[in-house]
Amino acid sequence: MLRVLAVDDEVPALEELAYLLRQDERIEHVATAADGVTALQDMVQMIGGGERLDGVFLDIRMPGLDGLDLARLVGGFPSPPRLVFVTAHEECAVQAFELEAVDYLLKPVRAERLAEAVRRLEATSLPAPEPGQDEVIPVELGGRTRFVPQQAVWFAEAKGDYVRLHTADGSYLVRMSLAALERRWSDAGFIRIHRSTLVSGRHVSELRFEGGRVTLTVGTETLQVSRRHSRQVREQLVRHHRGVFS
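Now the structure itself:
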């Protein structure tokens, strides 16, 4: 069950959003704030007091502290809540996803579209796995949910606002940034080899140097390592495989 905060300076819009959220059985609690400063104060109080806050449904155009500025401040929290932007303005979508937003909804908000945003929030709010425990990523496939285990992923590739997970059985799109996935999976042996590619050390079978180029064999795929990452990749792979066989 999710605990969320809804933020909007337009009272009718805020009340409608809060009402729709409270109708969703996946939502345990909905708090509201009518401006960015109040929202920030509420979040500091909640999180500082040990209260769980899973997500913030956030308007963008607000007087004083607007939604994007508030999102940047929230990103500095030790364990920041996930963000869903709810706005009448299409032009801020790129900035929103650069701030690792879970979703971006346009007003007027439809109930079914909000339900999809809650589903995405729920998927990204799953607790991090315990050390040694394999994480499972839920992936939507034509109305069905498939659960892809972390250990089955060969590599992950950035695709705009999504990440494509490549496995032996196929590839799957997940709404999250590669940077967020790297933070989440770094302890599981995933290594950045390019600004758009993250690989699983356990699936790397070969590291090759040819004419100044560095490539990896991952599963049945050959991937190029950027010059910037080549030394770091080699060192990380050596450490990873020493750890496996020690």
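Residue numbers for the sequence shown follow my numbering, so the first one is 7 and each next one is one higher.
For every residue, glycine included, the Cβ atom is placed at its ideal position computed from N, Cα and C.
- The distance from the Cβ of D65 to that of T93 is about 6 Å, consistent with a contact at the 8 Å cut-off.
- Excluding sequence positions up to five before and after M49, its CB lies within less than 8 Å of the CB of L11, L59, V62, V80, F83, P87, all in the same chain and listed in chain order.
- Boundaries of the beta strand (DSSP E) around G61: 61-64.
- F103: member of the alpha helix (DSSP H) spanning 99-104, first to last residue.
- In the structure shown, A117 adopts helical secondary structure according to DSSP, grouped into three states.
- Going by beta carbons, Y178 and V224 fall outside the 9 Å limit.
- The C-beta of G195 has 16 or more other C-beta atoms within 10 Å across all chains shown, which makes the residue buried.
- By the CB criterion at 9 Å, A123 and L111 fall inside the cutoff.
- One Cα belongs to L222, the other to R116, and the distance between them is close to 46 Å.
- Q242 carries a helical assignment under DSSP once its states are collapsed to helix, strand and coil.
- Between S232 and R189, the C-beta spacing is not below 9 Å.
- Per the DSSP secondary-structure output, L74 pairs with nothing in a beta bridge.
- Secondary structure note for D48: its alpha helix (DSSP H) is the uninterrupted segment 42-54.
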